[in-house]
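Engineer: Here you go, one structure.
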Amino acid sequence: MITLRKSCDRGYADHGWLKSFHSFSFADYFDPKHMGWGNLRVINEDRIAPGTGFGTHGHRDMEIISYVLEGELAHQDSMGNGQAGGAHSGVIRPGDVQRMSAGTGVRHSEFNHAKDATTHFLQIWIEPDEPGVAPSYEQRRFEPAEKRGRLRLVASRDGREGSVRIHADAALYAGLLDGAESVELPLDPARRGYVHLVRGELTVNEQRLRGGDAALIAGESRIALAGGRDAEVLVFDLAA
Numbered sequence: 000m001i002t003l004r005k006s007c008d009r010g011y012a013d014h015g016w017l018k019s020f021h022s023f024s025f026a027d028y029f030d031p032k033h034m035g036w037g038n039l040r041v042i043n044e045d046r047i048a049p050g051t052g053f054g055t056h057g058h059r060d061m062e063i064i065s066y067v068l069e070g071e072l073a074h075q076d077s078m079g080n081g082q083a084g085g086a087h088s089g090v091i092r093p094g095d096v097q098r099m100s101a102g103t104g105v106r107h108s109e110f111n112h113a114k115d116a117t118t119h120f121l122q123i124w125i126e127p128d129e130p131g132v133a134p135s136y137e138q139r140r141f142e143p144a145e146k147r148g149r150l151r152l153v154a155s156r157d158g159r160e161g162s163v164r165i166h167a168d169a170a171l172y173a174g175l176l177d178g179a180e181s182v183e184l185p186l187d188p189a190r191r192g193y194v195h196l197v198r199g200e201l202t203v204n205e206q207r208l209r210g211g212d213a214a215l216i217a218g219e220s221r222i223a224l225a226g227g228r229d230a231e232v233l234v235f236d237l238a239a
């Protein structure tokens, strides 16, 4: 079974400095029919105005992935990342995947320091396998060539193939597809799949998607992607 969710059907919030589309219920947007999919809880498509950002705030017991599309996102947290002497610079650019495991609790901020450029990124939350893990942070870069005409694993529970490691029964793939390029991902019918088309156009199991659209997949044995037109796509293999 494949259910399409159109971009225009998402929740939307305009805070002036922040414009955000919500694929699932979040903050003031509540839709009991869209509370998540499997253990995927949040996909927010955010645009942060120049010189603004999220002030310091807290999270716990959530796997948080940031995927930058345009501009830069500066991250600082209570683990020391993004601060002088920290293990990571905390600056995320297009092609980077950042993972923060909130676990027992972490505080962080996210900021767009550019004077004349909007930061456009996806914020993804996945529910962890168990609560109370130690907070941690990881950041990896995946070049466009790694995603061209294929699905590149960028996040997984075991960190295989150089992906960032999440404390959740889920795998996240990123792909760039255009023209005759096509790819298939096997899927256990007992699990759930989710396809979020970041931009462009793409056919998912013969269903046509356009930028911002998503496909919720259950009881299927594969995810087949084809017919891309400058498509950038995220594909999730999720616990039911």
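84 is the number that numbering that gives the first Met the number 0 gives to position 85 of the sequence shown; each next residue is one higher, with no gaps.
Backbone N, C-alpha and C fix where the C-beta goes; we use that ideal spot for every residue, glycine too.
Since this is a predicted model, take the numbers as computed values, not measurements.
#1: Please list the terminal residues of the continuous beta strand (DSSP E) segment that includes Pro185.
#2: Taking all protein chains shown into account, decide if Asp30 is buried (16 or more other Cβ within 10 angstroms of its Cβ) or exposed.
#3: Closer than 8 Å by C-beta to Ser143: which residues in its own chain qualify, once you throw out the five before and the five after it? Chain order, please.
#4: Could you compute how far the alpha carbon of Asp212 sits from the alpha carbon of Arg9?
#5: Apply the 10 Å Cβ neighbour rule to Ser220 and answer buried if 16 or more other Cβ atoms are within range, or exposed otherwise.
#6: Would you decide whether Ala239 is buried or exposed? Buried here means 16 or more other CB atoms lie within 10 Å of its CB.
#7: Roughly how many angstroms lie between the CA atoms of Gln138 and His14, to the nearest whole one?
#8: Just list the residues that DSSP pairs Phe141 with in beta bridges.
#9: Ordered along the chain, which non-local residues of its own chain (more than five positions away) have a Cβ less than 8 Å from that of Gly218?
#10: Answer yes or no: do Ser65 and Gln122 have a C-beta to C-beta separation smaller than 9 Å?
#11: Assign His56 to buried or exposed, taking buried as 16 or more other Cβ atoms, counted over all protein chains shown, within 10 Å of its Cβ.
#12: Lys114: buried (16+ other C-beta within 10 angstroms of its C-beta) or exposed?
#13: According to the Cβ coordinates, are His195 and Ser22 closer than 9 Å?
#14: Just reading off the beta strand (DSSP E) that Ser65 is part of, what are its end residues?
#15: In whole angstroms, give me the CA-to-CA distance for Arg190 and Asp236.
#16: From the DSSP output, which residues share a beta bridge with Ile1?
Structural biologist: This is what the structure holds:
#1: The residue labelled residue 185 in the question sits at position 186 within the sequence shown. Taken as a continuous stretch (DSSP letters only), the beta strand (DSSP E) holding Pro185 covers 182 to 185.
#2: Numbered from its first residue, the sequence shown carries residue 30 at position 31. Answer is exposed; the Cβ neighbour count stays below 16.
#3: Here residue 143 refers to the residue found at position 144 when the sequence shown is read from its first residue. Note that residue 143 corresponds to Pro in the displayed sequence, not to Ser. Answer for Pro143: Gly94, Leu175, listed in chain order.
#4: By one-based count along the sequence shown, residue 212 stands at place 213. By one-based count along the sequence shown, residue 9 stands at place 10. Answer to the nearest angstrom: the Cα atoms are 9 Å apart.
#5: Walking along the sequence shown from the start, residue 220 turns up at place 221. Flag for Ser220 reads exposed.
#6: Residue mapping note: residue 239 aligns to position 240 of the sequence shown, counting from 1. Under this definition Ala239 is an exposed residue.
#7: Walking along the sequence shown from the start, residue 138 turns up at place 139. Walking along the sequence shown from the start, residue 14 turns up at place 15. Cα to Cα, Gln138 sits roughly 28 Å from His14.
#8: In the sequence shown, counting from the first residue as 1, residue 141 sits at position 142. Per DSSP, none; premise fails for Phe141.
#9: Along the sequence shown, one-based indexing puts residue 218 at 219. Once the five neighbours on either side are set aside, the close Cβ partners of Gly218 are Met0, Pro188.
#10: Position 66 of the sequence shown, counting from 1, holds the residue named residue 65. Position 123 of the sequence shown, counting from 1, holds the residue named residue 122. Their beta carbons are under 9 Å apart, which means Ser65 touches Gln122 by this criterion.
#11: Indexing the sequence shown from 1 puts residue 56 at position 57. Result: exposed.
#12: Stepping through the sequence shown from its first residue, residue 114 is reached at position 115. Exposed.
#13: Residue numbering aside, residue 195 sits at position 196 when the sequence shown is read from its first letter. Residue numbering aside, residue 22 sits at position 23 when the sequence shown is read from its first letter. For His195 and Ser22, yes; Cβs fall inside 9 Å.
#14: Looking up residue 65 in the sequence shown gives position 66. Here the beta strand (DSSP E) through Ser65 covers 62 to 69.
#15: Looking up residue 190 in the sequence shown gives position 191. Looking up residue 236 in the sequence shown gives position 237. C-alpha separation (whole angstroms): 7 Å.
#16: On the sequence shown, position 2 is the one that residue 1 refers to. Beta-bridge pairing links Ile1 to Ile216.
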